[in-house]
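*Asks:* 2 is the number of the first residue of the sequence shown in this note's numbering; add one for each residue after it.
Ideal Cβ placement from N, Cα and C applies to all residues, glycine included.
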Amino acid sequence: MARPRTPKGRTRETAARLAVEYPGSAKELCALEHDNPFQLLVATILSAQSTDVRVNMVTPALFARYPTPEDLAAADPAEVEQLVASTGFFRAKTRSLIGMATALVERFGGEVPVPIEDLTTLPGVGRKTANVIRSVDFDAPGLPVDTHVLRLSRLLGMTTNTDPEKVEADLTAMLAPREWGALSLRMILHGRRVCIARRPRCEDCILADFCPSSRVPTVRSTAAVVDQAAQIDKVTPELPAGGVRTGEKLAIE
Ligand code: SF4
2 MARPRTPKGR
12 TRETAARLAV
22 EYPGSAKELC
32 ALEHDNPFQL
42 LVATILSAQS
52 TDVRVNMVTP
62 ALFARYPTPE
72 DLAAADPAEV
82 EQLVASTGFF
92 RAKTRSLIGM
102 ATALVERFGG
112 EVPVPIEDLT
122 TLPGVGRKTA
132 NVIRSVDFDA
142 PGLPVDTHVL
152 RLSRLLGMTT
162 NTDPEKVEAD
172 LTAMLAPREW
182 GALSLRMILH
192 GRRVCIARRP
202 RCEDCILADF
212 CPSSRVPTVR
222 STAAVVDQAA
232 QIDKVTPELP
242 AGGVRTGEKL
252 AIE
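#1: Which first and last residues belong to the alpha helix (DSSP H) in which arginine 216 is found?
#2: Grab the span of the alpha helix (DSSP H) containing isoleucine 46 for me, first residue to last.
#3: What is the residue span of the alpha helix (DSSP H) that aspartate 171 lies within?
#4: CB of alanine 131 to nearest heavy atom of the ligand SF4: below 6 Å?
#5: Heavy atom of the ligand SF4 less than 6 Å from the Cβ of proline 299, yes or no?
#6: Should glycine 25 be labelled buried (16 or more other beta-carbon atoms within 10 Å of its own) or exposed?
#7: Of the residues Leu30, Ala62, Glu29 and Ala27, which one's Cα is nearest the Cα of valine 43?
#8: Please name the residue in Phe139, Asp53 and Val21 whose C-alpha comes closest to that of glutamate 34.
#9: In the DSSP assignment, find the alpha helix (DSSP H) that holds glutamate 205 and state where it starts and stops.
#10: Tell me where the alpha helix (DSSP H) around leucine 186 begins and ends.
#11: Would you check whether the ligand SF4 has a heavy atom nearer than 6 Å to the C-beta of leucine 151?
#12: For valine 146, count neighbouring Cβ atoms within 10 angstroms of its own Cβ and tell me buried if that reaches 16, exposed if not.
#13: DSSP on threonine 103, reduced to helix/strand/coil?
#14: Can we count leucine 156 as close to the ligand SF4, meaning its CB is less than 6 Å from some heavy atom?
#15: Return helix, strand or coil for leucine 176, following the three-state DSSP convention.
#16: If you pair each beta-carbon of the stretch 89–99 with each one of the stretch 114–122, do three or more pairs fall below 8 Å?
#17: Figure out for me which residue from Asp205, Ala27 and Thr88 has the closest Cα to the Cα of serine 51.
#18: Look at the Cβ atom of threonine 12, then the Cβ atom of methionine 188, and state whether they are nearer than 7 Å.
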């Protein structure tokens with residue numbers, strides 16, 4: 002296939018190939034175990050600076066102890082701290098969890114709101130978390146930009162920005178809203194499994210033939226070298242028998 006040469010082309014090709022590599026909807030791809038938007042909000046807040054596996058070890062007891070926003074809003078902070086301690090930053094996370102639950106009760110009737118403008122007013126909830134909730138549980142447009150999405154989108158030449166909000170704006174402008182959430186989760190999976198920070202496995206990457214940061218020679222680059230050699234052949238005068246032409250050497254390499 003033709004190699005995409007623009008940020009939009011690379012973004013669309015990345016979305017198409019990762020959809021084959023990591024199939025499923027945003028809900029199916031989300032690794033945080035939960036039964037409703039409130040639980041996903043809790044799990045996403047806990048996932049900061051932690052792993053999905055670690056969060057999934059903590060949340061069953063937490064959800065059983067505080068099944069509703071009302072229960073969590075009235076919780077004893079010391080008890081919550083103890084339950085979430087192993088996820089790290091447990092004091093700050095406990096403040097966010099109880100503050101978030103209190104805000105849900107006081108301002109949203111105990112329900113998780115859908116608009117991003119409302120979600121981002123909740124303690125501990127930034128754009129990334131809000132977009133997770135929207136895309137995974139509400140089937141609404143949302144493209145969370147975490148460290149993997151930020152890194153991969155720059156490596157793949159989708160954006161030159163470094164600010165997550167600007168990266169989100171760049172990516173969402175190039176894709177249909179229904180694709181946003183799943184693409185983010187697929188890029189996270191690809192960043193964890195293949196395009197690993199500081200040691201990307203380009204030789205195993207399904208995007209390597211068009212990724213501007215690929216460390217492996219691609220089929221096209223080999224073809225380009227052969228083509229370049231042919232051009233050199235055309236303009237290089239015949240050498241005496243036994244002579245070596247640069248073009249031939251290029252073609253063999
Ligand atoms: S080719 Fe390499 S740098 Fe590019 S996305 Fe794949 S693993 Fe990352």
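*Replies:* Considering the structure as presented:
#1: Per DSSP, arginine 216 belongs to no alpha helix (DSSP H) and is neither H nor E.
#2: 38–47
#3: Aspartate 171 -> alpha helix (DSSP H) spans 165–173.
#4: Not under cutoff, so the answer is no.
#5: The structure shown has nothing for residue 299, since the chain only spans 2 to 254.
#6: exposed
#7: Ala62
#8: Ranking Phe139, Asp53 and Val21 by Cα distance to glutamate 34 puts Asp53 first.
#9: Residue identity differs from the one stated: residue 205 is aspartate in this sequence, not glutamate. Element bounds for aspartate 205: n/a, residue is neither H nor E.
#10: 181–194
#11: no
#12: buried
#13: Secondary structure of threonine 103 (DSSP, three-state): helix.
#14: yes
#15: Coil at leucine 176, not helix or strand.
#16: no
#17: Thr88
#18: no
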